[in-house]
Amino acid sequence: MLKLYGGARSQAAIIRWYLEELGIPYQFILIDLQAGKQQQPDFLAINPFGKVPTIVDDDFKLWESGAILLYLAEKYDAIAATPEQRAKLAQWVLFTTTTFKRVVYQSAEQKPQKSRLISALNQYLEHHSFLLGDQFSAADVAMGAQLAYILFRLNIDFRQEKAYAAIAAYFRCLSQRPPFQHTFGARMPTCK
Ligand SMILES: N[C@@H](CCC(=O)N[C@@H](CS)C(=O)NCC(=O)O)C(=O)O
C-alpha cells in the first residue's frame, strides 16, 4: 500500500486530499515534526532533505508536493493522456506552487504585482470551472490547497471576497468536495 509521510498540520494534507479524490488506499505515517523526527536516519533514508510530504509507492520514493501530485496524476488519473495535457497540468501545478504562492506571500510593497496576478486568475476562472477547463484535476488540488493555506495563514477567505467573485465561487466549490472536507475541512471556518 502507498505510504504517505506527513506532519500533523503539514502540506501532506494536499496529498491526502488528492489520494482521497482518486480513491487510492494509503497508509498515513505521522512524523512528529516538532520533535525533529524528520531528521532521524530512517526518515532521511527516504527523503534526505527531511521534509514532508513524502511518499513511498511500492519501492518508489518521492518528495515535494507538486512532484507527488504530478506522479499520482500520471499514474492514477486518466485526465493527462497526451503530452500537451500533461504539460498543461504541470504548468498549473508549478505556477501554483511557485509563482502564485511566492507572489501572494510578498510584502505590501509588491501589492500591484499581487493584485495583477490574482485578477488574472479571477478572469481565467470567469470562463473555466477548473484550471484545466471542465474537469477537476491535480491542478485544482494544488490551487485549492494554496487558497486554503492563504485563508489559514493570511486570513484571506476567498469564499467571501466580493472583488474576486470567480475565485470565491471556485474555492467554495472545491471546499465542498468531500475529500477536501476530510483533509482540510476541520481547519476551515464556516462561511458567513
Ligand atoms: N515545497 C515543499 C515544502 C515541504 C515542507 O517545507 N514541509 C514542511 C512541513 S509543511 C516540513 O517538512 N517541515 C519540517 C522541516 O523543515 O524540518 C513541498 O511542497 O513539499
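Take the sequence shown: its letter number 83 is residue 508 in the working numbering, and every next letter is one higher.
Where a beta carbon is used, it is the ideal one built from N, C-alpha and C, also for glycine.
- Between I480 and L487, the gap from beta carbon to beta carbon is short of 8 Å.
- For ligand 1, no non-hydrogen atom lies closer than 7 Å to the CB of L576.
- Under the three-state reduction of DSSP output, Q452 falls in the strand class.
- By the neighbour-count criterion, in which a residue is buried when 16 or more other Cβ atoms sit within 10 angstroms of its Cβ, S532 is exposed.
- For V566, the closest C-alpha among the options Q606, I581, Q585, S544 is that of Q606.
- When the beta-carbon positions are compared, F583 and L572 come within less than 8 Å of each other.
- As DSSP reads the structure, V481 sits in a beta bridge with K428, K486.
- The residue among I449, G569, A438 with its C-alpha nearest the C-alpha of L455 is A438.
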